[in-house]
Amino acid sequence: MKNLKVAFYVTGGIAVYKSVNLMRELIKRGAEVKVAMTTSATEFVTPLTFQVLSKHAVHIDTFSEEDPQYVQHIHLADWADIAIVAPATANTIAKLANGIGDNFVTSALMATTSPIFLVPAMNEHMLEHPATQQNIRTLKSRKAYVMEPDTGFLAEGYSGKGRFPESEMIIEELEGYLLAYKGERPLKGKKIVVTAGGTKERIDPVRFISNDSSGKMGHALADAAWKKGAEVTLITASTLPTRKQIKRVQVDSAKEMYNHVNESFETLDVLIMAAAVSDYAPLNQEEHKMKKKNNVTIELQKNPDILKEMGQKKVNQFLVGFAAETENIEAYALKKLKEKHADLIVANDVGKKDRGFNTNDNEVTIYSNVDQPVTISLTKKDEIAENIIDIVIDRTE
Ligand code: CTP
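The opening position of the sequence shown corresponds to residue 1 in the working numbering, with each subsequent residue numbered one higher.
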């Protein structure tokens, strides 16, 4: 989103109040936003709100050409890297599909050659009307991106499809659309499974054995792989959120994680084992909450080593493992690389407070069976994830 020039078109529906937040989120992510509104949109939220937040004058009237240097609706269309119509009413969708430019917004959109991203929001019956559906199909056939409206409580007081989605959802879809548009999807057609989080091994219904892993690294990796076009399944023991385009499989224990990885292994291209898998699980899981005693002994049994087993089974799959260490990092990482038949081992020091488990940052060294080790100095996990995925791309091309 950084430095992305967005022409933000607001058309008249109750969802206009939500588009204020969407615009702010775009700006927060580094986009420069210029707004144009239809007069109906100004009935819901004043142009001043958009002006103050975007720090640009809001265009409404095609004929109030204040700057003789430019024809404003053409200038805005040419300036923007992307046009976002949010909310897009049935009326504006119909005009666009039929080439009508009868106000500032529709005229600018008619003059737009950059990608157009529409977020329709309207009453369910208006959305389902054959004319609206036909118009949406027409716009899609012209390569405009039309987002699916949400289902839920509508302004009319009943539940139905047509709601303006949450800003986060819109931005996630927009990011994917932009990457696809730019053709930066080298992992298109590749199936990637990422595991994340610290597995939980139940002792009784209310107690478990686990570790300090938050799942942040695994979730960031799933996201980075998705952004590069992969079909991603995230098998996670973490409660962190996932974008809806990533298939999420929620698990608790190492055994559950093993079963899901094993099931999908044959058809996948890349497995990234970022999960901190508990090495042991209680031999017996108590059916009821254990009562207090003076001394308790819990017998543990070894969990399957998922990465090692997949390493033994692999045909063409590319395997990435992690090595969470507190000492002898290089030696242990190289041992894991060899013993688990991995293609990469991402080693990190989990003994320091400012990196590794349960933090936003990390510093890692990536060991491989073909290249020299690569160190990524202390930085955000998102950035580390992007670097790891770039190496995966290089090695699997
Ligand atoms: N791993 C796994 N299954 C396990 C344990 C670990 O698949 N039962 C994977 C982890 O996801 C990671 C790699 O193996 O990618 C190394 O995990 P780590 O916990 O660092 O090492 P261990 O193999 O458990 O060895 P040790 O605890 O002796 O360091």
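Beta carbons are placed, not taken as given, at the ideal position from N, Cα and C, and that holds for glycine.
Source: prediction; values computed, not measured.
Would you mind giving the Cβ-Cβ distance between residue i and residue j, rounded to the nearest angstrom? I have them listed as a contact below 8 Å.
i	j	result
residue 53	residue 20	7 Å
residue 199	residue 230	In fact, because the Cβ distance is near 24 Å, the residues do not count as touching under 8 Å.
residue 343	residue 320	7 Å
residue 82	residue 146	Not really, about 14 Å apart at Cβ, beyond 8 Å.
residue 347	residue 333	4 Å
residue 393	residue 186	5 Å
residue 277	residue 303	6 Å
residue 190	residue 269	4 Å
residue 350	residue 365	Residue 350 to residue 365, Cβ: 13 Å. No contact.
residue 114	residue 80	5 Å
residue 214	residue 357	7 Å
residue 123	residue 154	7 Å
residue 169	residue 244	7 Å
residue 318	residue 395	6 Å
residue 92	residue 39	Not quite, the Cβ-Cβ distance comes to about 12 Å (not below 8 Å), so this is no contact.
residue 116	residue 71	That belief does not hold up - the Cβ atoms of residue 116 and residue 71 are roughly 20 Å apart, past 8 Å.
residue 41	residue 4	About 22 Å separates the two Cβ atoms, so there is no contact after all.
For a test of your reading of the model: does the CB of residue i fall under 6 Å from any non-hydrogen atom of ligand 1? Yes or no.
i	result
residue 198	no
residue 306	yes
residue 303	yes
residue 281	no
residue 277	yes
residue 273	yes
residue 225	no
residue 265	no
residue 104	no
residue 406	In the structure as shown, the chain begins at 1 and stops at 397. Residue 406 is therefore absent and cannot be evaluated.
residue 321	yes
If you draw a straight line from the alpha carbon of residue i to that of residue j, how long is it in whole angstroms?
i	j	result
residue 96	residue 103	11 Å
residue 162	residue 128	9 Å
residue 233	residue 218	11 Å
residue 220	residue 13	36 Å
residue 87	residue 164	7 Å
residue 361	residue 379	5 Å
residue 152	residue 119	16 Å
residue 59	residue 90	21 Å
residue 16	residue 64	23 Å
residue 94	residue 139	9 Å
residue 8	residue 227	23 Å
residue 369	residue 391	13 Å
residue 290	residue 241	32 Å
residue 298	residue 376	40 Å
residue 26	residue 295	57 Å
residue 312	residue 263	15 Å
residue 339	residue 329	15 Å
residue 1	residue 184	15 Å
residue 44	residue 101	22 Å
residue 336	residue 373	14 Å
residue 48	residue 29	22 Å
residue 427	residue 172	This structure cannot speak to residue 427, because the chain is shown only from 1 to 397.
residue 51	residue 111	23 Å
residue 167	residue 301	46 Å
residue 105	residue 212	51 Å
residue 247	residue 225	12 Å
residue 316	residue 387	22 Å
residue 252	residue 239	10 Å
residue 261	residue 208	22 Å
residue 57	residue 35	8 Å
residue 371	residue 389	15 Å
residue 46	residue 61	14 Å
residue 23	residue 175	14 Å
residue 429	residue 250	Nothing about residue 429 can be read from this structure; the chain reaches only from 1 to 397.
Does residue i come within less than 7 Å of chain B when only Cβ atoms are used?
i	result
residue 373	Protein chains in the displayed structure number just one, and chain B is not present.
Query raised in the report: Are there three or more Cβ pairs, one per stretch, closer than 8 Å when the region 132-139 is compared with the region 186-204?
Result: Counting Cβ pairs under 8 Å, fewer than three are found: no touch.
Requested in this report: Specify whether the region 307-326 and the region 265-280 touch according to this definition: at least 3 beta carbon pairs, one from each stretch, less than 8 Å apart.
Outcome: Contact between the region 307-326 and the region 265-280 is present, because at least three Cβ pairs lie under 8 Å.
Report task. Examine the Cβ distances between the region 201-211 and the region 286-299 and report whether three or more of them are shorter than 8 Å. Result -> Contact holds: three or more Cβ-Cβ distances are below 8 Å.
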